[in-house]
Structure formats: C-alpha cells, structure tokens
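Going letter by letter, the sequence shown gives residues -27 to -1, 1 to 560 in mature numbering (1 follows the signal peptide of the UniProt record, and there is no 0). Even glycine gets a Cβ: it sits at the ideal position worked out from N, Cα and C.
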Amino acid sequence: MLGCFPKMRGILPTFCLVLGLAFSTQANLILHDDSFQPDHILRVTAQNYSQACMDRYSVLVNGSSPGPELRLQEGKVSWIRVYNDMEDSNVTMHWHGLSAFAAPFSDGTPMASQWPIAPGHFFDAEVRPEIGYAGTYFYHSHVGFQGVTAVGPLIVEPADPSPFEYDEERVILLSDFFAKTDDVIEEGLTSSNFTWSGETGAVLVNGQGRLATNATGACSLAAISVEPGKTYRLRFIGATALSFVSLALEGHNLFEIIEADGHYTKPVKTDYLQISSGQRYSVLLKAKTEEELQQAESRQFYFQITTLGRPAVLTTFAVLEYSSPTATDLKTVPATPPLPVANVTYGWMDYALESYFPDTDFPTAAEVTRRIVINVHQNISTHTVWLQSGYDWMETFPKSPYLVDLYQGNLDLDASYKRAIESGLGFDNLTRLYPAQINEVLEIVWQNQGAVNNGGLENHPFHGHGRHYYDIGGGDGLYNPEENEKRLNGTHPVIRDTSVLYSYRKKTTPLAPSGWRAWRIRVTNAGVWMMHCHILQHMVMGMQTVFAFGDQEAVMAQSGPIEGGYLVYGGSAYGNSTYSPLVQHFF
Ligand code: C2O
Ligand code: CU
C-alpha cells in the first residue's frame, strides 16, 4: 500500500487504480462522469492574496478567503466536490460540526478518517445533516496550517421554519491573518529550533480588515449592511487559527443568543460574545428604527473585536452600516476603541445555555461507564510539543489512515481497547488511539496542566468530531466530579462541538492541574473521530487526539462495505483530469 502514497505527487501508480477497480462490485458505486452534477464545487489553489493591505501566499477556496458560502438542507443529501488544484500540497476539506453526517472517508481528517486529496485530484464528499442540526457551521482544510485561509461559511437550512422570527440574516466569519506562509509556520513550529508563528496580524471579518497602521491602501473594514427597524440573525463563525476573541457592538442594546454550534438555544441576552476558534453563535439583533437613527450621531457603528489571552491585545473592527445618503466610511479605524477593552470571562455561558427543544438524552452521572481524564500540557524535549496523556498526535504519525486500516484488517481495535483499559488512561500508546465501545457512556475530561519546562498555561478550544457532545462545564484547578455534579443540578447541558479549556493564570507549577473542561458522550456512531484543540498552531504541535468508536465490526456495520478506491492514496474514489471517480453513494 505504501507505494500508493508518493509524497505530494499527483502521479497515480497504475496498480492503485487497478486495485480500486477490482473492488467495484457494489450497486451503490457510481461513476461520477460528466453527467454527475455536484451541488457545490470547491476549488482549492495556493496563490498570492491580499488581506488587510498585507500580501501573503495562501491556500484559497474558489480564489478567495473565506471561500463561498455553502447552504445545505437539513435532512437532505448534498454532494460537495473538492478539487485540489495545488501543485505540491495535499488538501482535505472538513465539514466542521457535521462529522457525524458525512459519509465514511469524507470527514476530512487526513490520516485519521481518510487519505488526503492528492494534487491534481478531486473528491466528492456526501453530507446529510441530520434533522435537529440546522444552524451555523463552516468548512476548512484540515491539512497543516492551511485552515488559516482555506475556510468558508457553511449554513444548514432548517427543514421546518426557525422557532425564532427574524427578517434577514448576515454571516460574520472571523479569521486570522498571519504574515508568514503556512510552510514557514509549520516548519518553525515543528523544528527542533522552535520558531513561533508570530501573533495574528489582524482578526478579519469575512476576510476583510484594516489596521490603524494602514495609512493608505485599498483595504477596508468589513461592512455589515442593515436596514432600520428590521431584526437580523447574525451568524458568528469562529474560523480563526489562533485568536480567541471578545466581540461587542457599539451603540446597540443586547444581543440575544439563539444558537450555539448548530443548535437553537433558549434565548439568552448578552452585551458581548466570546468566540473561540471552532465555535459558532447566532444572535438576534434588533436594528435601530429610523427615529432612533435620527437621534444618533452616525449611521455606522463599530463591531469591536478584542483578542484574549495573548501576550498583547489586538483590537480590530468591522462596521454595522445603515443605508445612508452619504457613503459609509470604511477606511477610518477608531484611534480609541469606542467600547471598553475586554478581558477573558472564565466559563462564559457555561451552565447557562439551554437547548431550545427539550432534550431527554443527556447522560446522567450514573449512566457514565468510563471517565477518561486527558492531561494536557506543553513539553520541550527535542521539540516543543503539546501532549495529551503524555503523547502528541500529528498527521505524520500514522502510516495510513485508521479508518483505512480498519477496513483492510490492519488495525485490531479489540487489542487496542485492551491496552487502553490496561493503561488506566483510556489511551493506547501503540496506535495513539482512545478506543471506545458502542454503548459506552464516556466522560471526557480535558485537564490543563502547567508546562513541564516553565509551568506555562494557555486557553485551548477543544473540538470534537463525530456526534456533538454534552458540555458539562469547566472550572479552575483539578476536575472534581462530585462538585461538578452539584453545579450541574438544575441546569440543562447543551450539545455542542467546541468548548474552551481555559487557562486561569499564565503560569503555575510544572504539571500542576490548573483548569478543566468536561464532556459526556454516548458512544453510538462508530467511526474514527478526532478530538483536538482548534488552534492551528497547537494542532501542528501535536495537540490532537483520535478516538475510535466501535470495533471493526461496528464500523463496518455502520459504514457498510467500502470500495477499494477509498483505501489507497490517489485511489479510484478520487478523480483527476483524465478519469472520473468511482464514488460510493452512502446515504
Ligand atoms: Cu474544525 Cu478537526 O476541525
Ligand atoms: Cu490549544
């Protein structure tokens, strides 16, 4: 199999193709020739691109960052074709928050759930968001640091009318600008001579931004246009690489939160949002009436975005603009921020959010069959790495994707499970997997610890692939299940896919427990699911884990027999300019 994985080259060894065809005996295996029309087409390129008046060689989707907005329908199948038009890099596309509803080999996690898409090839992903998951998502490359620019909004439209009334909606996608290229950043972060990526140069809104230092230049602040008197659903997407931000809007009353990570919540009023990489929130915003605008000095108001928990605070802006006879000024950046500078609010909205629709599936403490405490900390030995249960995980660790190994009988999950249980950590260091069996109820605890070398601590937005987990909160110190159980009393934990493990201080004693985040998950969907910090730098430095839900039988029972073209790098499930892919229709 290894011969089928020429590093980064778009040449397909013939025997891989032949192997792929040899398996093609299933009825649901369809040649996606010219008669096949995908619902969406994403073309990934790497090229020079300018944001906030700064140039960079970046990975783009359909020529821009963010890429186009995708709209999927709740309960319906969508086909998304992803072309890798880059010459020398692999790519994958991940449907962030929708892992459980993507066909097998389509979650976009390279070397976990699938082979990456080789240069010159394309891949058709099939996604069917389950009813109950209408909401705000995004897609992004899951390879290396590409996700800093290779991102785009993804909205799942509801089958039934939204329980909330609003006139229109606006997407507000936050991303970071880094001056160094992806390659330079990855090289620096993984080198024995560690070099930090540098801090974000700008937090961009819908790819746009302007810094106070941009005295001249064509770049503008992003404008979010509204009309007086209307109610808007603002969909905020935390597509940043690093930045954890606080966001507030000048001159307006409270936001009302109605959605977190793809699920409607009971409305909660707030005057600011705290958004990490990977999180999404929808809020209702009542636009000012024409009368109110007459009283105001201006018809434009600043969104103020402040980075949290970094060595230096960066404040950037976007503009809420009301139609006006005079053009909106998108070039002036306020010299003094109009709103107070924000600090981290520990546990923002923890224990407070509640599902809009009654949820009867929350696993109680008594139902939990196994608690997996994952200690996370930084260590500097030959390299600077982030470790979970003492190990890092990088795309370069497995020789082939776990899901592929499972299908080929090369991964014995029963043995792995045994080792994981014997380790006492739930972790099998041979495969670097956290295996779990169907019907287990897991409590996963991310336990922050001081760095080995200097006791340093950071915020980590942990993201779970697969089915969304119940977030059962977070706190300072060491996780205490009894204490948290008391705290949970009378609350209604929501399911979500990204929540923050906070650093409550900058430093502590090396390896001292200092902050935790806990989740509960019923193990139902068999598959290979990554759970990782969503900060791209941290991912590149090993802050990723892989869970395997179910054994080989369970995975194959859930996913069905798989065509061989998925099992090799550049296999026949991946098309190129000379041939069409043989694609398994899963749903
Ligand atoms: Cu949005 Cu595995 O990530
Ligand atoms: Cu992190």
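query, result
"His69 beta carbon near ligand 1 (any heavy atom closer than 7 Å)", "yes"
"Residues bridged to His507 [DSSP beta-bridge criterion]", "Beta-bridge pairing links His507 to no other residue."
"Length of the line joining the Cα atoms of Pro102 and Val129", "7 Å"
"Proximity test, His436 beta-carbon vs ligand 2 heavy atom, cut-off 7 Å", "no"
"Coarse secondary structure for Ala393, derived from DSSP in three states", "helix"
"Alpha-carbon spacing of residue 572 relative to Gln510, whole angstroms", "Beyond the ends of the chain as shown, which are -27 and 560, falls residue 572; an answer cannot be given."
"Extent of the continuous beta strand (DSSP E) to which Val124 belongs", "Val124 to Glu130"
"Sub-8 Å separation of Val346 and Gln420 beta-carbons", "yes"
"Sequence-distant residues of the same chain with beta carbon closer than 7 Å to Asp156, five excluded per side", "none"
"Close Cβ partners of Leu555 (< 7 Å) along its chain, the five nearest in sequence each way excluded", "Gly(-8), Ser(-4), Leu2, Leu4, Glu536, Gly538, Ser545 and Ala546"
"Other residues of its chain near Cys192: CB distance less than 6 Å, five sequence neighbours each side excluded", "Ala25, Cys26 and Arg183"
"Residues sharing a beta bridge with Leu293, DSSP", "Ile197 and Phe274"
"7 Å CB neighbourhood of Lys153 in its chain, flanking five on each side removed", "Ser170 and Gly171"
"For Arg283, three-class secondary structure by DSSP", "coil"
"Same chain, Cβ closer than 8 Å to Thr18, neighbours up to 5 away in sequence not counted", "Val32, Leu33, Gly36, Asp58 and Met59"
"Close Cβ partners of Ile231 (< 8 Å) along its chain, the five nearest in sequence each way excluded", "Phe137, Arg206, Tyr237, Thr238, Pro240, Ser255, Val256, Leu257 and Tyr329"
"Reduced DSSP category for Thr482 - H, G, I as helix; E, B as strand; rest coil", "coil"
"8 Å Cβ cutoff met for His441 and Met503", "no"
"Cβ pair Gly320, Arg253 closer than 8 Å", "no"
"Cβ-based neighbour list, Leu(-16), same chain, cut-off 6 Å, excluding 5 preceding and 5 following", "Per-residue confidence for Leu(-16) stands at a pLDDT of 39, beneath the threshold of 50, marking its modelled position as unreliable; no derived number is given."
"C-alpha distance - Asp449 paired with Leu474, whole-angstrom precision", "10 Å"
"Integer-rounded CB distance, given that Asp12 should sit under 8 Å from Trp52", "5 Å"
"Ser532: first and last residue of the uninterrupted alpha helix (DSSP H) it sits in", "Gln525 to Ser532"
"Range covered by the beta strand (DSSP E) that runs through Pro408", "Tyr407 to Ala409"
"Inter-residue CB distance, Trp68 and Val100 (contact presumed, cutoff 8 Å)", "6 Å"
"Alpha-carbon spacing of Asn453 relative to Leu15, whole angstroms", "46 Å"
"heavy atom of ligand 1 below 7 Å from Thr82 C-beta", "yes"
"Any non-hydrogen atom of ligand 2 within 7 Å of Met367 CB", "no"
"Within 8 Å, strictly: CB atoms of Val176 and Ile278", "yes"
"Coarse secondary structure for Pro331, derived from DSSP in three states", "coil"
"Segment contact, 8 Å Cβ cut-off, at least three pairs: the segment 399 to 411 with the segment 512 to 524", "yes"
"Cβ-based burial, Ala285 [other Cβ within 10 Å; buried from 16]", "exposed"
"Top-ranked residue by Cα proximity to Val199, from Arg490, Tyr139, Gly446 and Pro534", "Tyr139"
"Integer-rounded CB distance, given that Ser164 should sit under 8 Å from Thr355", "No, Thr355 and Ser164 are not in contact; Cβ-Cβ is about 10 Å, not under 8 Å."
"Near ligand 2: Met516 beta-carbon under 7 Å from a heavy atom", "yes"
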